[in-house]
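Residues 1 to 209 (full-length UniProt numbering) make up the sequence shown, in order. Idealized CB from N, CA, C, for every residue including glycine. Encoded as structure tokens, the structure appears first; notes follow it.
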Amino acid sequence: MRKEVEGGPRSLQLTQPDSVERADAARNRRLLLAAAKNLIDNHGAAAVTMDAVAREAGVGKGTVFRRFGSRTGLMFALLDHSESELQQSYLSGPAPLGPGADPLERLLAYGAARLKMNAAHLDILLEADLPGTEFWSHPVSRASSMHIQILLRQLGFPDPVEVTAIALLTPLGATAVKHLTEVVGLDLETIITQWRTMVTSMVDGLPRS
Numbered sequence: 001m002r003k004e005v006e007g008g009p010r011s012l013q014l015t016q017p018d019s020v021e022r023a024d025a026a027r028n029r030r031l032l033l034a035a036a037k038n039l040i041d042n043h044g045a046a047a048v049t050m051d052a053v054a055r056e057a058g059v060g061k062g063t064v065f066r067r068f069g070s071r072t073g074l075m076f077a078l079l080d081h082s083e084s085e086l087q088q089s090y091l092s093g094p095a096p097l098g099p100g101a102d103p104l105e106r107l108l109a110y111g112a113a114r115l116k117m118n119a120a121h122l123d124i125l126l127e128a129d130l131p132g133t134e135f136w137s138h139p140v141s142r143a144s145s146m147h148i149q150i151l152l153r154q155l156g157f158p159d160p161v162e163v164t165a166i167a168l169l170t171p172l173g174a175t176a177v178k179h180l181t182e183v184v185g186l187d188l189e190t191i192i193t194q195w196r197t198m199v200t201s202m203v204d205g206l207p208r209s
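Written as structure tokens, this is what we have:
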């Protein structure tokens, strides 16, 4: 299948590691991420603090801060593998998520994939707790927004499509998913169906030339 590059670079670096990572630094990173994952598996994401990860890994707290910068940086590093897989799927994977399908089909497929991934990692995303301005400028959010903006333009949405992209991504975010599943009591399939209905209605409402 033809590989497609959207809007320039093939992908955005999600957690921005050093361009060349020494063997000992890579080993420390794996050790710290394994310690954080073990804490999540046994005690939940709220148990992941810089102190707790350092104790679990048997290193000084400074090592954790030097490697990840902050607790938020650590949380997003835990999501890096899943985010990278999703990004590669919509950039160069099979249709309908990847290139080759109608832009509406790709947009609907992306919404379902993003919602399922966020639901699967809900505790980690909620604990990352980025303020709104930082959330939308984070590499993960920028990659998602850029992809949706490309599809919206292909569908004929007028600029600035950034507004529409954020409007479509917000219901798929961690806080929205938590509210819809735990407070409203909806299952994921219902949320996906409603999101698809909303997107399809917006596309149907576009002026036709």
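- Would you mind working out which of Phe76, Ala46, Gly111 sits nearest Pro171, comparing C-alpha positions? Gly111
- Message: According to DSSP, is Phe68 part of a helix, a strand, or is it coil?
- Response: helix
- Going straight from the alpha carbon of Arg29 to that of Arg67, what length do you get? 7 Å
- Query: What's the call for Leu206, buried or exposed, on a 16-neighbour Cβ count within 10 Å?
  - Reply: exposed
- Contacting residues, own chain, Cβ-Cβ under 6 Å from Leu22 (five flanking each side not counted): This sequence places Arg at residue 22; Leu is not what is there. None.
- Item | Extent of the continuous alpha helix (DSSP H) run through His147 | 139-155
- Query: How about Leu78 and Val53: do their beta carbons lie closer than 8 Å?
  - Reply: no
- Message: Could you compute how far the alpha carbon of Leu169 sits from the alpha carbon of Glu56?
- Response: 35 Å
- Task: Along the alpha helix (DSSP H) that carries Ala128, what are the first and last residues, could you check?
- Result: 122-128
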